[in-house]
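Residue numbers are given in my numbering: position 146 of the sequence shown equals residue 149, and the series is strictly consecutive.
In this text, a Cβ means the ideal position worked out from N, Cα and C, and glycines have one as well.
Given the structure is predicted, the values throughout are model-derived calculations rather than measurements.
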Amino acid sequence: VIQNTNVEIEVFGFGSLCVMVEGRCTLSSYVTGKSPNSNGVCSPAEAVRWEETPQGRRSRLNGVLIDEYTKDEAAGYPTLCKGRYLCGDTPYHAMEEPTNLNVLEVLPDLIDAGVGAIKVEGRQRSPAYVGQVTGILRQALDACMANPDTYTAKDQWLQQLDRMAEGSRHTLGALHRPWQ
Numbered sequence: 004v005i006q007n008t009n010v011e012i013e014v015f016g017f018g019s020l021c022v023m024v025e026g027r028c029t030l031s032s033y034v035t036g037k038s039p040n041s042n043g044v045c046s047p048a049e050a051v052r053w054e055e056t057p058q059g060r061r062s063r064l065n066g067v068l069i070d071e072y073t074k075d076e077a078a079g080y081p082t083l084c085k086g087r088y089l090c091g092d093t094p095y096h097a098m099e100e101p102t103n104l105n106v107l108e109v110l111p112d113l114i115d116a117g118v119g120a121i122k123v124e125g126r127q128r129s130p131a132y133v134g135q136v137t138g139i140l141r142q143a144l145d146a147c148m149a150n151p152d153t154y155t156a157k158d159q160w161l162q163q164l165d166r167m168a169e170g171s172r173h174t175l176g177a178l179h180r181p182w183q
C-alpha cells in the first residue's frame, strides 16, 4: 500500500484493541442503551458487575455474561468485544482478547515498510499514561533507527508497557493470532 500512495501511513502502536469506529460501538449501545461516544466509555461503570464464584470471577455488562476468569487469571476491563464466549465447548475470544497491542517487537518491519507515524491510545487516558508510553516508544524507535539490523525490544520496555496494559499483557494482534 505504502509504495502505491503518496499519503503518509500511520499504524496503531500501543493501546487497547477496539473494533468500534469513532466512538460508535453498536454492541455496547445495544446492551446498555448508552452511546460510548456520549458517555465516554464502552462499558459504563454503572452497568458493570463482578461476581465472585468458587472457581474465580465473572464479569457482566447490564446482566450479559462477558467472561469467567479463574482465580489466577488477570481480568481485563469488561467489554463485549473482548468477552470470552463458548464456541461449541471451547471458550473463545470471538473478536479481540483483553490485551494491548504493542508493536515494539516489529518496529524494524514497520520502518522498512515505510510507516510514517505510530499512534498511541490516548483519548480516554491520562497525560501521565500517554507520557510514559510515548517515552518508552521514543527510546525503542531511537534504538531501532540507530541499529535496525540488531534491534530487539528490551525486556524492560515490554515489562513497563505490560504494567500499563489491559490484562497486564500485550499482543502483536493479527500478526500472531490464530484465526478460527
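Alpha carbon to alpha carbon, what distance is there between residue j and residue i?
i, j, result
"residue 160", "residue 139", "6 angstroms"
"residue 11", "residue 5", "8 angstroms"
"residue 156", "residue 162", "10 angstroms"
"residue 111", "residue 58", "43 angstroms"
"residue 106", "residue 19", "12 angstroms"
"residue 131", "residue 92", "42 angstroms"
"residue 154", "residue 116", "16 angstroms"
"residue 141", "residue 174", "19 angstroms"
"residue 73", "residue 109", "31 angstroms"
"residue 99", "residue 149", "34 angstroms"
Are the beta-carbon atoms of residue i and residue j separated by less than 8 angstroms?
i, j, result
"residue 103", "residue 169", "yes"
"residue 121", "residue 147", "no"
"residue 164", "residue 17", "yes"
"residue 62", "residue 78", "yes"
Would you call residue i buried or exposed, if buried means 16 or more other Cβ atoms sit within 10 Å of its Cβ?
i, result
"residue 45", "buried"
"residue 152", "exposed"
"residue 41", "exposed"
"residue 70", "buried"
"residue 85", "buried"
"residue 129", "exposed"
Counting only the same chain and skipping the five closest in sequence on each side, list residues whose C-beta sits under 7 angstroms from that of residue i.
i, result
"residue 34", "64, 65, 67 and 83"
"residue 167", "132, 135 and 136"
"residue 52", "63"
So, at 8 angstroms on beta carbons, what are the nonlocal neighbours of residue i in its own chain, with the 5 sequence-adjacent residues on each side left out?
i, result
"residue 183", "With a pLDDT of 48 at residue 183, under the threshold of 50, the modelled position of that residue is not reliable, and no figure is offered here."
For residue i, which of the options has the nearest alpha-carbon?
i, options, result
"residue 15", "135, 124 and 131", "124"
"residue 126", "32, 39, 166 and 7", "39"
"residue 21", "97, 150 and 158", "97"
"residue 172", "80, 88 and 119", "80"
"residue 9", "158, 174, 150 and 118", "118"
"residue 75", "88, 60 and 28", "60"
Please return the same chain residues whose Cβ sits closer than 6 angstroms to the Cβ of residue i, not counting the five positions on each side in sequence.
i, result
"residue 136", "17 and 123"
"residue 32", "38"
"residue 87", "70, 94 and 96"
"residue 50", "35, 64 and 65"
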